[in-house]
Structure formats: structure tokens, C-alpha cells
Amino acid sequence: MSRLHPRHRRPLLATLAAFAVLAGTAAAAPAATAGTAPASATPLRTLDDSYYQDAIGKSGTALKSALHTIISKQTKISYSQVWDALKDTDQDPANSSNVVLLYSGRSISKNNSGGSVGQWNREHVWAKSHGNFGTATGPGTDVHHLRPEDVQVNSIRGNKDFDNGGSAVSGAPGNYTDSDSFEPRDAVKGDVARMILYMAVRYEGDDGWADLEPNDRVSNGSAPNIGRLSVLKAWSQQDPPDAFEKRRNDVIFDKYQHNRNPFIDHPEWVGSIW
């Protein structure tokens, strides 16, 4: 029997989760082990002096505009190429033959991908129906918001907005869902928030795709919006970027799209823009 999981609950647990992340104990992103890539190959000061040079010192809409210009310079990959990219970006630090699934947190063979029960597939964190961009090259193939996930858990999330509350998700401990929203486990709440906010800055409606924007609603349907913004902001603070997320950002930048998620490098920019 599922457990009722009311909205706007567990402030103490949220605080403890934040400390757990800061202590490097979060389950979502296994701690780097010997032989894995460093958490951040490029020092932040170097990025600020080069990649983010035109954004430093700005805030609000000016910062959002500057970041949009910066991160829009990217190499686009096809939807089929996403399979191989995810095997690299989401590699389990403790087992190079596996990937770590976003919501369920399980480590699973890279080769066990597809559409059958027990396999992993490509989860669009910004649901592709929110703006109707599908899987076409562009927002539909942007690895910054695509993550490996269990087929069934991916289906349960569907195209729901993000919010606190619901009943426990079968096969994904710590995740909750109801009729209009999905809550990921504590260890990846910030990851989800920063992926959503990256999409909102990257896709502003000036390149043939919809202008993607977060709002403070759920049940956004096919509108180019995802909520709940106030909850996503809280999640970003609760769960700061960890080694797994930082490495992922570096791999995408160095090997695939050659652009970055600025909210992983500068999580304080979330509050500056929103």
C-alpha cells in the first residue's frame, strides 16, 4: 500500500539532505573513485575568465540574456547519438561498465538499454511534450537534460511537472508522484532543478523552437512551461552540485556539445535570475 506523501512537508529532512550532499554522501551521484575523471577538469576561475566572461557581474534579465548567448554556441547531436553520450556522461564511478539511473539511483549495465521492462532508456527531464519539440535535433537531443532511467519509472514520470508530494513510486525509493506532478529523490532534486533552468535559458524562442520557461504551476500540458518554479529553486538550494553532476557537465562540454550548464558552475545564478 502506498504511503501518503503530502506537499510542502519534511523541512527537517530537507535540511538533513542538504547537509548529506555537502558531506558527499548523496546516493544519486556515487563518490568519485580512483581512475575516474576529476569532479571539475576546468577551474571555475578559468571558466569565469573565458567561457563566462560576458556574464560575470550581471544579474536578472541581463544575466539570463548573456548566458543564453554563451550556451547557445553548441554542437548538436542526433537522438541516436544520445545513447552513447549517456553511457559516458552518466557512467557509474564505481563501475565503468554501468550507468547510474537518475530517479531510481540504480547502477545498471550500459548495454542493457532499450524499451523493455528492466532496461534503461532516455528520460527527457524537460518533458518533450512541454513545447512539442519531440526528439528532433535541438532541445529533444540536448544531453544536458537527457538522463538514463528505468523504462517503467520513466513511464511513471511521463510528462508530469515537478513538485513535492504524492505516493511512493514503485521501483524507485524516495520518489513520489500524483496525478499532476513528480518528486525525485532528495539526492537528485538539485540536478533536476538545474537541468530545467538550463533549458529555460538555452531555448528562448529565437532558433525555431519554443521559448521554454518555468512557472509556478503544475498541469502545464503541452505549453512550453514546467513547474513548480518555487519548488525547483528550493531543490537547487537543498541539493548543491556534487562530483557526479560536475563531472557530467565537464564531459558534455569537453566531448559532446561544447556548452555548459551554468547553474552547475554557478548555482547562485538561480536566485539571481529567478
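Sequential numbering from 133 applies to the sequence shown in my numbering.
Even glycine gets a Cβ: it sits at the ideal position worked out from N, Cα and C.
- The count of Cβ pairs closer than 8 Å, one atom from the region 249–269 and one from the region 196–203, stays below three, leaving the stretches out of contact.
- When DSSP states are grouped into helix, strand and coil, Asp186 belongs to the coil group.
- Below 8 Å, too few C-beta pairs join the region 286–297 and the region 387–397 to call them touching: fewer than three.
- DSSP links Asn230 through a beta bridge to Ser241.
- Under DSSP, the beta-bridge partners assigned to Ser313 are Asp293.
- Sequence-distant partners of Arg289 (beyond 5 residues in either direction) whose C-beta falls short of 6 Å from its own C-beta, in its chain, are Phe314.
- In the structure shown, Tyr308 adopts extended strand secondary structure according to DSSP, grouped into three states.
- Just so you know, the alpha carbons of Ile202 and Tyr184 end up roughly 7 Å apart.
- Sorting Tyr211, Lys260 and Ala319 by C-alpha distance to the C-alpha of Glu377 places Ala319 at the top.
- Non-local beta-carbon contacts of Asn230 in its own chain, meaning distances under 8 Å to residues more than five positions away in sequence, involve Gln223, Asp224, Ser239, Ile240, Ser241 and Lys242 in chain order.
- Judged by beta-carbon spacing, Ile209 lies within the 9 Å limit of Thr273, meaning their Cβ atoms are closer than that value.
- Non-local beta-carbon contacts of Tyr211 in its own chain, meaning distances under 6 Å to residues more than five positions away in sequence, involve Thr267 and Thr273 in chain order.
- Under the DSSP assignment, Trp252 falls in the beta strand (DSSP E) whose first and last residues are Trp252 to His256.
- In the three-state scheme derived from DSSP, where H, G and I count as helix and E and B as strand, Leu278 is classed as strand.
- DSSP places Glu400 in the coil class of the three-state scheme, outside both helix and strand.
- By the CB criterion at 9 Å, Leu344 and Gly263 fall inside the cutoff.
- Secondary-structure assignment with DSSP links Pro346 through a beta bridge to Ile358.
- Around the beta carbon of Ser299, fewer than 16 other beta carbons sit within 10 angstroms, so the residue counts as exposed.
- Gly192 places its beta carbon less than 9 Å from that of Ile405.
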